[in-house]
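Here's the structure, in structure tokens; my notes come after.
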Amino acid sequence: MSAGVLFDAPGPRARLRHNVLTLVGVVGLLLIGWFVWRRMSQAGQWDADLWTPFLDPQVWTGLILPGLWGTLTAAAVAAVLALAFGVVFGLGRLSDHAWLRLPSAWIVEFFRAVPVLIMIFFAQYGTFALIGEVLPAFWAVVIGLTLYNGSVLAEVFRSGVLAVPRGQSEAAYALGLRKGEVMRLVLLPQAVTAMLPAIVSQMVVLLKDTALGYIISYEDLLNAGFRTVPANFGNIIPAAIVVALIYIVINLALGWFATRLEARSRRSRKSTAAPVTAPPPPGA
Amino acid sequence: MRRIVMALAALALGASTLAACGGDDSASDLATRAKESKKIKVGIKFDQTALGVKKPDGTVEGFDVDVAKYVAGKLGVPESGIEWIETISANREPFIQQGQVDMVVATYSILPERKEKVTFAGPYIVAHQDIMVRGDDASITKVEDLKDKRICQASGSNSYKRITDPPPNGRDIPAKLVPAGSYSECIAKLSGNTLDAVTTDDLILAGFASQGGDFKILGTPFTDEKYGIGIKKGDVATCEAINTALSEMYSDGTATQLLQKWFGTAKGLQLPTAVPPAEGCS
Amino acid sequence: MEALFDNREAILAGFWATIRLAAMSALLSLVLGTLLAALRVAPVPVLRWSGTVYVNVLRNTPLTLVLLFCSLGISNTLQLNFDVYDPSFNGYWLAIVGLTAYTATFVCETLRSGINTVPLGQAEAARAIGLTFFQSMRLVILPQAFRAVITPLGSVLIALTKNTTVVIVAGYAEAAFVMKEMLYESTGGTLEIFLGFALGFVVLTLPIGFLTGRLARRLEVKR
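Chains as they are written, first to last, in numbering that gives the first Met the number 0: chain R, 0 to 283; chain A, 0 to 281; chain G, 0 to 222.
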């Protein structure tokens, strides 16, 4: 239902009301903007020498882009591992064998209920205590992100396979295909189409969560903005704003991509399964 | 639960084998190896203004960096042979133990519990925990004035405990703690008036003060922080070689010049002129 | 178990802080999220756009950054504080602002998708019997929309509970802060510490999922 059908075509009084509301809205936004601008300039945050470093290409190539690279590599590695984790435990949960199904369910539900940061802390400090090796911050971030996002993806895979109508697998069994063949030839190809949008939106979550690496001093984009750039120029607020803009642009692009994929798979006739959205929370 | 634990351990193990990047255990000591290969891996901080900072062009600068360059030079390694590696407070000992760095020059205080894991050369300077306040704040002039004031609790740093913990660790002064992610954040909060004092080593404070902003260091040192150079446990020969280099650094005037260069402008900071007494290698 | 037992007071205080953060932000983000959803379907373009921009900016910024902006931006630069001389009180409310600002965007999007599940005929029928916009929203559309989104809202609240750990960067001590301090200082018991804290969060989040799941089934709109 689009917003349009919620309202009648406005009459004269409604138009007046809308105009007043428009005015109120514009004035309100301008007031907020003015207030922020004023307080920023009182704090001296618009000083040119806090912002000019961002015109220097070296600041980008030497500090910010390496940070962005750190964010993207951590996200990419974690995405691949999380997909693998998701396939293994998602299909494990669909297994006919209880010895496979139950542990898979336990693991998936456990890691979905635990905050990513707690896992990252454990990955960092825990491995040193357990095996005497310090884990580079990169791997601590990747492990934390893999366990959590992998568990969510496991649920996505499971619901993707379950979203394929029963008739499909019944027909396949009737043709004499074996269990593995039914999964591989009939269910998975259709499930993948259905769950692609959900997978991409989970990737946006994963990319955003790499920012948690800042807390354990992983050299990511946020770290570039909050530690290395300010250590050189003492401009923590301007650097934070620039970094925030970069995050927003990247995530908007990914989100847009996810929406397009979803629209495509809704139209697609390749799959009999309805598009999968986010899985329900544990315990529901 | 057992399965989860095992899965976790397996994952961690797998990842760490992936990550372990061959710390080659050479039989000879660091000084000999460095002289032969003309290469050394030095762990420094990348975000400690005026001590160890990574610059946009990829180079590093700061007092620790210059000390490391001097010492490396005395060990026969030219500047081009130094590989700079970032070490943060939490990973200095493991990095040395595993050979990911050869030596650490990173505001690394010599402490008994650290001595069990690494050998310390130096100290090359003795810093003191001190207090920095806003330049116009006259209400804090000594440690006791911090009662009921807001002080910064930087993540991963224990400096605040010297104020708030009961003796012998601290002074049992009931200050209000404001948690922050790093000392950079502490300084931003200090200038924004959301806290009243930042307390940590005076050299670190001086580094921030040199970035601008109206701050003053009280000059009431209440601890000794002996900054040492950490190397692999038991490498006594290298430790002694470094100690010789450090006393030369003070006798030939380099140390004074470096201290002036990095900390000369800070208000209220007293700089040493003679080499601090060596701790002895063990 | 020793590490956990010795620090039980700090741990309980940490989890109590987590609960207080989660409960207050949950309440406020439900309110703000509903307001935002109303903005996003409003007939006035300016209001609709400001709602859209707000949601897209906040939702695409990492929470870590949102919370850092709360402590360094709002408190320090904009000088907006709840009580600048009481850091713990101030930190608590600044963290709530950050968590609420972020979570409300997810509440808003969830509600909006809920509104989309209400069949067109419902709105048309409401207008046909002469209900105004607010009446048809309050009496017809929103009650159905809310029932359709109870389960996804449960997910949002669970995510919020877990997200309170990120408050560590905004200067307020909760469970994750306690855990970090313990891991940083301790010499052993790492695994117990992890499992203990993980279990704490399982205990906090499972009931939310369980309750919202039951509620959703009981209140389901039969069509």
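Every residue, glycine too, gets a C-beta built ideally from N, C-alpha and C. Because the structure is a prediction, the values reported are computed rather than measured.
- Using a Cβ distance threshold of 8 Å, G32/G and V106/G count as a contacting pair.
- Taken in chain order, the complete alpha helix (DSSP H) segments of 4 residues or longer contained in the segment 92-127 of chain G are 119-127.
- Those residues of the segment 12-46 of chain R placed with their C-beta closer than 7 Å to a C-beta in chain G are H17, L20, T21, G24, V25, L28, V35, R38, M39, A42, Q44, ordered along the chain.
- For the segment 153-172 of chain G, the residues whose beta carbon sits under 8 Å from a beta carbon of chain A are, in order, I167, V168, G170, Y171, A172.
- In chain R, no part has a C-beta under 9 Å from the C-beta of N89/G; the shortest such distance is about 17 Å.
- Taking the C-beta atoms as reference points, F6/R is found no nearer than 8 Å to A73/R.
- DSSP lists no beta-bridge partner residue for P122/A.
- Spatial neighbours of S154/A in its own chain (CB-CB distance under 8 Å, excluding positions within 5 residues in sequence) are listed in chain order as P178, A179, G180, S181.
- A check of alpha carbon separations from D200/A across S27/A, Q97/A, T48/A, G279/A identifies T48/A as the nearest.
- Using a CB distance cut-off of 8 Å, T63/G counts as an interface residue toward chain R.
- For M102/A, the beta-bridge partners assigned by DSSP are V41/A.
- In the three-state reduction of the DSSP assignment, V168/G falls in the helix class, which pools H, G and I.
- Note that the C-beta distance between F120/R and M178/G is below 8 Å.
- Linking E180/G to L260/R through their CA atoms gives a straight-line distance of about 43 Å.
- Between S87/G and S70/G, the alpha-carbon positions lie close to 12 Å from each other.
- In the structure shown, the three-state DSSP call for S108/A is strand.
- Contact annotation, L46/G with G10/R: C-beta distance approximately 19 Å; criterion of less than 8 Å not satisfied.
- Closest by C-alpha distance to G211/A, out of K116/A, P165/A, K266/A, A240/A, is K266/A.
- Residue ranges of uninterrupted beta strand (DSSP E) with 3 or more members, entirely inside the segment 147-189 of chain A and ordered along the chain, are 149-153, 175-179.
- If you keep only unbroken alpha helix (DSSP H) runs of at least 4 residues inside the segment 172-220 of chain G, you get 174-184, 189-218.
- Taking a beta-carbon distance threshold of 8 Å, T193/A counts as an interface residue toward chain G.
- At a cut-off of 8 Å between beta carbons, I240/R makes no contact with chain A.
- Taking 8 Å as the threshold, the shortest C-beta distance from A175/G to chain R falls below it.
- When Cβ pairs closer than 8 Å are counted between the two stretches, the segment 8-23 of chain G is seen not to touch the segment 235-246 of chain A, the count staying below three.
- L110/A sits away from I150/A, with the two beta carbons spaced by 8 Å or more.
- Identification of chain G residues near K178/R by a Cβ-Cβ cut-off of 7 Å yields none; the smallest Cβ-Cβ distance measures about 30 Å.
- Three or more beta-carbon pairs drawn from the segment 185-200 of chain A and the segment 130-144 of chain A are found closer than 8 Å, and the two stretches are therefore classed as touching.
- A direct Cα-to-Cα measurement between Q143/G and D135/A gives close to 60 Å.
- At a cut-off of 8 Å between C-beta atoms, K141/A does not count as an interface residue with respect to chain R.
- Taking 8 Å as the cut-off, the beta carbon of V168/G is found closer than this to the beta carbon of T63/G.
- Burial is judged here by how many other beta carbons sit within 10 angstroms of a residue's own beta carbon; P52/R has at least 16 and is buried.
- With distances taken between CA atoms, A171/R lies nearest to M182/R out of A162/R, M182/R, L161/R.
- Boundaries of the beta strand (DSSP E) harbouring W83/A: 81-85, taken from the DSSP string.
- Distance from L218/G to R111/G at the Cβ level is roughly 19 Å; contact not present, criterion being Cβ atoms closer than 8 Å.
- Look at A179/A: its C-beta is under 8 Å from a C-beta on chain G.
- Close to chain A, meaning a Cβ-Cβ distance shorter than 8 Å, is no residue of the segment 9-27 of chain G at all.
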